[in-house]
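Student:
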Amino acid sequence: MENEKIELLKTYLSLYINPMTVLQSQKAGDSPYVILDVRNAPAPVKKVQIKGAQALAAKDLADHLGELDKSKTYVVYDWNSGTILGQQALLILLQAGFKAFELAGALEGWQGMNLPVENV
Amino acid sequence: MENEKIELLKTYLSLYINPMTVLQSQKAGDSPYVILDVRNAPAPVKKVQIKGAQALAAKDLADHLGELDKSKTYVVYDWNSGTILGQQALLILLQAGFKAFELAGALEGWQGMNLPVENV
Amino acid sequence: MENEKIELLKTYLSLYINPMTVLQSQKAGDSPYVILDVRNAPAPVKKVQIKGAQALAAKDLADHLGELDKSKTYVVYDWNSGTILGQQALLILLQAGFKAFELAGALEGWQGMNLPVENV
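These protein sequences, in sequence, are chains W, B and U.
Counting from 1, position 27 in the first sequence corresponds to residue 27 in full-length UniProt numbering; the numbering is continuous, with no gaps.
Counting from 1, position 77 in the second sequence corresponds to residue 77 in full-length UniProt numbering; the numbering is continuous, with no gaps.
Counting from 1, position 16 in the third sequence corresponds to residue 16 in full-length UniProt numbering; the numbering is continuous, with no gaps.
1. Determine the chain W residues that contact residue 15 of chain U at a beta-carbon separation under 9 Å, and present them in chain order.
2. Could you tell me which residues DSSP pairs with residue 119 of chain B in its beta bridges?
3. Any beta carbon from chain U within less than 7 Å of residue 86 of chain W's own beta carbon?
4. Report yes if the C-beta distance between residue 37 of chain U and residue 53 of chain U is below 7 Å; otherwise report no.
5. Using 7 Å as the threshold, is the C-beta distance between residue 76 of chain W and residue 65 of chain W below it?
6. Could one say the Cβ of residue 31 of chain U lies closer than 7 Å to chain B's Cβ atoms, at least one of them?
7. Going by DSSP, name the residue or residues bridged to residue 37 of chain U.
8. To the nearest angstrom, how far is the alpha carbon of residue 68 of chain B from that of residue 95 of chain B?
9. Can you find a heavy atom of the ligand SAH that lies under 6 Å from the Cβ of residue 113 of chain W?
10. Please list, in chain order, the chain B residues whose beta carbon lies closer than 8 Å to that of residue 25 of chain U.
11. Taking the continuous alpha helix (DSSP H) assigned at residue 89 of chain U, which residues delimit it?
12. Under 7 Å between C-beta atoms, does residue 66 of chain U make it to chain B?
13. Quick one: grab the DSSP three-state call for residue 99 of chain W.
14. Which residue marks the beginning of the alpha helix (DSSP H) containing residue 108 of chain W, and which one marks its end?
15. Cβ of residue 57 of chain B less than 7 Å from any chain W Cβ?
16. Give a yes or no on whether 7 Å exceeds the smallest Cβ distance from residue 97 of chain W to chain U.
17. Is it a yes or a no for the stretch 24-37 of chain W touching the stretch 76-85 of chain W, going by three-plus beta-carbon pairs under 8 Å?
18. Given residue 48 of chain W, which residues of its chain have a CB within under 7 Å of its CB, disregarding the five upstream and five downstream residues?
19. Quick check: what's the CA-CA separation for residue 29 of chain W versus residue 111 of chain B?
20. Report the option in W:72, W:46, W:51 and W:109 whose CA atom is closest to the CA atom of residue 93 of chain W.
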């Protein structure tokens with residue numbers, strides 16, 4: 001059972017990337033990360049997004065894979081960690097052969113650490 | 001590793017059902033879904049529940065399986081996605097051969113989307 | 001698929017321990033549990049911690065394993081269930097052969113149930 005627990009944790013953690021990893025890479029320049037806001041909501045409901053994110057709603061993702069770049073690493077985020085939209089988007093990206101992670105803590109965690117956002 | 005990540009996401013996501021799926025099915029009539037409120041709390045603490053939910057506390061679930069209907073699909077929910085009560089209840093139901101999901105986002109997510117609740 | 005769902009839930013749930021299990025064991029005396037606060041934050045940011053917890057930041061954990069006691073069972077917690085720091089710490093402890101769990105609901109859940117905390 002201990003091995004199963006360790007394997008589950010390893011695989012689960014490999015799905016996620018920490019906000020500071022993304023932010024520090026962006027500050028250093030030439031970052032491989034593209035942040036995708038996959039919330040299924042119009043801009044007036046979203047109000048803000050992570051600074052520099054691209055909006056691509058999870059419900060539209062499968063139809064727009066051709067516009068993505070396989071040399072990049074996609075970091076998807078949703079409202080908070082209680083939703084499954086980010087994981088659904090991540091599954092679509094991984095199944096299509098993209099390098100991708102879900103942002104640990106989602107938008108709520110990013111804002112909780114006072115990291116940069118912008119109006120949408 | 002990519003295959004393990006994809007398999008984990010697929011299996012994990014198969015445990016959950018989105019609030020809108022349940023709600024739209026109920027509005028269309030003849031819904032297979034029965035929503036179970038599995039919070040281990042008395043009514044004055046719970047105050048409200050999802051509209052039309054049946055209260056069956058996770059701690060009592062194993063003793064009341066005989067009252068459930070195998071032709072239905074049970075949707076369990078707890079306070080929020082940070083607790084494990086919903087997953088414990090889901091495991092009991094799946095092991096007993098019931099069709100069941102955990103409600104993505106739990107009660108907190110349901111209320112965050114202003115979906116219908118009722119006093120208890 | 002049902003078997004995979006059940007196995008995932010079993011393994012996932014085996015990573016967690018409920019707050020009341022820890023608290024009741026501590027009240028009964030001679031508890032095997034040692035609560036580790038693994039938040040990577042200085043005391044002024046943390047402000048409070050779970051009563052009786054030991055502070056050992058996740059970022060420092062790998063370098064301090066020699067100070068831990070294999071006869072104990074470690075219960076790690078982070079700010080809330082939306083972060084992955086607790087799971088990262090849990091993985092380090094399990095891989096090093098310690099008995100360990102993550103606290104279900106994290107600090108946020110503990111405080112939400114009005115369980116005892118102390119200033120740091």
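The beta-carbon is built from N, C-alpha and C at its ideal position, and this holds for glycine as well.
Tutor: So, from the listed chains and residues:
1. Position 15 of the third sequence holds residue 15 of chain U. What residue 15 of chain U touches in chain W: 5, 8 and 9.
2. Taking the second sequence and counting its residues from 1, the one referred to as residue 119 of chain B is at position 119. Residue 119 of chain B pairs with B:48.
3. Here residue 86 of chain W corresponds to residue number 86 of the first sequence, with the count starting at 1. No, residue 86 of chain W does not count as interfacial toward chain U.
4. Here residue 37 of chain U is taken as the residue at index 37 of the third sequence, counted from 1. Here residue 53 of chain U is taken as the residue at index 53 of the third sequence, counted from 1. Note that the C-beta distance between residue 37 of chain U and residue 53 of chain U is below 7 Å.
5. Taking the first sequence and counting its residues from 1, the one referred to as residue 76 of chain W is at position 76. Taking the first sequence and counting its residues from 1, the one referred to as residue 65 of chain W is at position 65. Not a contact, by the Cβ cut-off of 7 Å.
6. Here residue 31 of chain U is taken as the residue at index 31 of the third sequence, counted from 1. No, its Cβ sits nowhere closer than 7 Å to a Cβ of chain B.
7. Against the third sequence, residue 37 of chain U aligns to sequence position 37. In DSSP, residue 37 of chain U forms a bridge with U:55 and U:77.
8. Taking the first residue of the second sequence as 1, we reach residue 68 of chain B at position 68. Taking the first residue of the second sequence as 1, we reach residue 95 of chain B at position 95. The alpha-carbon separation between residue 68 of chain B and residue 95 of chain B amounts to approximately 14 Å.
9. The ligand SAH is absent from the structure shown, which contains no ligands of any kind.
10. For the purposes of this step, residue 25 of chain U is taken as residue 25 along the third sequence, with counting starting at 1. The premise fails here: residue 25 of chain U is roughly 18 Å from chain B at the closest Cβ pair, so nothing lies under 8 Å.
11. Within the third sequence, the letter at position 89 stands for residue 89 of chain U. In the DSSP annotation of this structure, the continuous segment of the alpha helix (DSSP H) that includes residue 89 of chain U starts and ends at 85-95.
12. Locating residue 66 of chain U in the third sequence gives position 66, where the first residue counts as 1. No - not a single Cβ of chain B is within 7 Å of the one on residue 66 of chain U.
13. Translated into positions along the first sequence, residue 99 of chain W becomes position 99. In this structure, residue 99 of chain W counts as strand in the three-state DSSP scheme.
14. For the purposes of this step, residue 108 of chain W is identified with residue 108 of the first sequence, where counting begins at 1. First-last of the alpha helix (DSSP H) with residue 108 of chain W: 106-112.
15. In the second sequence, the residue the question calls residue 57 of chain B occupies position 57. Interface annotation, residue 57 of chain B: not in contact with chain W, CB-CB separation never under 7 Å.
16. Start at 1 with the first residue of the first sequence, and residue 97 of chain W comes out as number 97. Residue contact check for residue 97 of chain W against chain U: no CB pair falls below 7 Å.
17. Result yes; three or more Cβ-Cβ pairs closer than 8 Å.
18. Residue numbering aside, residue 48 of chain W sits at position 48 when the first sequence is read from its first letter. Counting only Cβ-Cβ distances below 7 Å, and skipping sequence neighbours, we find 117, 118, 119 and 120.
19. In the first sequence, the residue the question calls residue 29 of chain W occupies position 29. In the second sequence, the residue the question calls residue 111 of chain B occupies position 111. Going by the C-alpha atoms only, they are around 40 Å apart.
20. Position 93 of the first sequence holds residue 93 of chain W. The candidate whose alpha carbon is nearest that of residue 93 of chain W is W:72.
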